[in-house]
Each structure stands twice: as C-alpha cells, then as structure tokens.
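So the sequence lines, in the order shown, correspond to chains A and B. The numbering of the first sequence is the working numbering, which starts it at 980 and goes up by one. The numbering of the second sequence is the working numbering, which starts it at 157 and goes up by one. Every residue, glycine too, gets a C-beta built ideally from N, C-alpha and C. All of these numbers come straight from a predicted model, not from anything done at the bench. Below is one structure, written out as structure tokens; comments come after it.
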Amino acid sequence: SQQGEEDPQALSIQEGENATMNCSYKTSINNLQWYRQNSGRGLVHLILIRSNEREKHSGRLRVTLDTSKKSSSLLITASRAADTASYFCATDSGAGSYQLTFGKGTKLSVIP
Amino acid sequence: DTEVTQTPKHLVMGMTNKKSLKCEQHMGHRAMYWYKQKAKKPPELMFVYSYEKLSINESVPSRFSPECPNSSLLNLHLHALQPEDSALYLCASSHQGGLPASYEQYFGPGTRLTVT
C-alpha cells in the first residue's frame, strides 16, 4: 500500500504566492524526502528531513515533520513559474530497507 | 559529476522484440535502482542493486531482467513485453552505508517506453 499520501492532488496559484503541500504516511520512518518532477522527466531531490527533526529549510523551501501525526508539509515561498511541477514525498520503510515509497504527488501550477 | 544518464530517451518496441535500457553514473554510488512510472502516478520501485548484487526485486515479471555489470552501470533487459508495460522507466542511484535510505536518490531523465 502507498506509504505517503499527498494533498492536495493539484494546486494552482499565482506567481509570488506561497504553496503548501502535505504528506501523510502510515508506518514509522527513518526519514522523509521531497522530490520534484517536471513533466515527463526524472525526479530531483529537494530536501530530506530525519525522524528526529521537526523543521528544515533550504532556500525558498520549508519542510516540517510531525511524527506523532505521521505527516509532513512542504512550503514553497514566493513561487515562480519555474516551480510548476509535480511534488512527491517519499518515505523509507523504517525497517532497514533501501526502498523508498513515493506518495501520489501534488501537481503544482504557478501562473505567471 | 552528479548526473545519472539513461539511454535511449525514447523506445518503441513490439511485443516480440528484445531491447535493453541503460543507466550510468559516475558518482561512486553503490546502490542503483530501477523504477517504473505510469502517467500521473508516482514511481514504483522495481529493482535495487547494492554493491552490484540484486537486493530487492519487487515481484517484477520475468520479462524484465536487470543486470549490473559494474558499479557504474545498470541495465534493464526487456523481452516479450506487453502494451501495459508502456511507461517511463527511471534509473536512480544513491550512496550506501550507515542508515539505509538515509541518502537522497539521484534520478536519470528516464526512458519513455512504448510497447506496440
């Protein structure tokens, strides 16, 4: 079954606005990662947050992790048209596996 | 060099053909992965190689046959595929060591496969 579930499935905002995407997961994890995928291309790693961390920043990205609620959020501030992409959270199984399970993704459209 | 390359970019094959997808990285990563991604869906893990040995096979049909000739190369051999196997096939690599899955994965651009 899918480990990560993002919401919303699709998000459309104006350039300059902030975009928030959420991810929920079901089992314990070692870390949670966020990836971006431009249409029909490979995924690009954005940020990794470990299970003992609560918040992490990278440029215009802010990720939070709440292990008690098994949820994470990705905030993109001051969005740009180039941020238009699908965003996926990915979790490991927490059981010593190299396997990452990706959520269904949020398709973000930033309108210039 | 932080790039994962995949060839070919596009592949059209008939159900009786045999073809291979290739993936290469020169980042010294010892874990390499094959994923399958259908349109508007997340990537699904197919295989994981760890130190050139197959460590995970996610119950993938035998018409897909992975191979890791050395630490930089990963192949996916295709034979007798079905139209439903049409998808984007992504290769990825990562460091290995310490806590599993604690490292980011670097993805190639993918091979768009169409089975006719």
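Interface with chain B (9 Å Cβ-Cβ cutoff): residue 1041/A is excluded. Comparing alpha-carbon positions, the option among 194/B, 217/B, 228/B lying closest to residue 206/B turns out to be 228/B.
Listed along chain A, no residue sits closer than 8 Å to residue 181/B by beta-carbon distance, the nearest being about 12 Å off. For the C-beta of residue 167/B, not a single chain A residue is nearer than 9 Å; the gap to the nearest is close to 14 Å. Among the residues of chain B, those whose CB is under 8 Å from the CB of residue 1022/A are 199, 246, 248, 261, 263, following chain order. Ranking 189/B, 196/B, 172/B by CA distance to the CA of residue 219/B puts 172/B first.
Residue 1071/A counts as buried, since no fewer than 16 other beta carbons sit within 10 angstroms of its beta carbon.
Out of 1038/A, 992/A, 1081/A, 985/A, the CA that lies nearest to the CA of residue 1063/A is found in 992/A.
The continuous beta strand (DSSP E) containing residue 1010/A extends over residues 1010-1016. Here residue 236/B carries a coil assignment [DSSP, helix/strand/coil]. Of the other Cβ atoms in all chains shown, fewer than 16 fall within 10 Å of the Cβ of residue 165/B; this residue is therefore exposed. An exposed status is given to residue 239/B, since fewer than 16 other beta-carbon atoms sit within 10 Å of its beta-carbon. Beta-bridge partners of residue 168/B (DSSP): 270/B. Any Cβ of chain A closer than 9 Å to the Cβ of residue 219/B would place that residue at the interface, and such an atom is absent. Listed as beta-bridge partners of residue 1036/A by DSSP are 1041/A.
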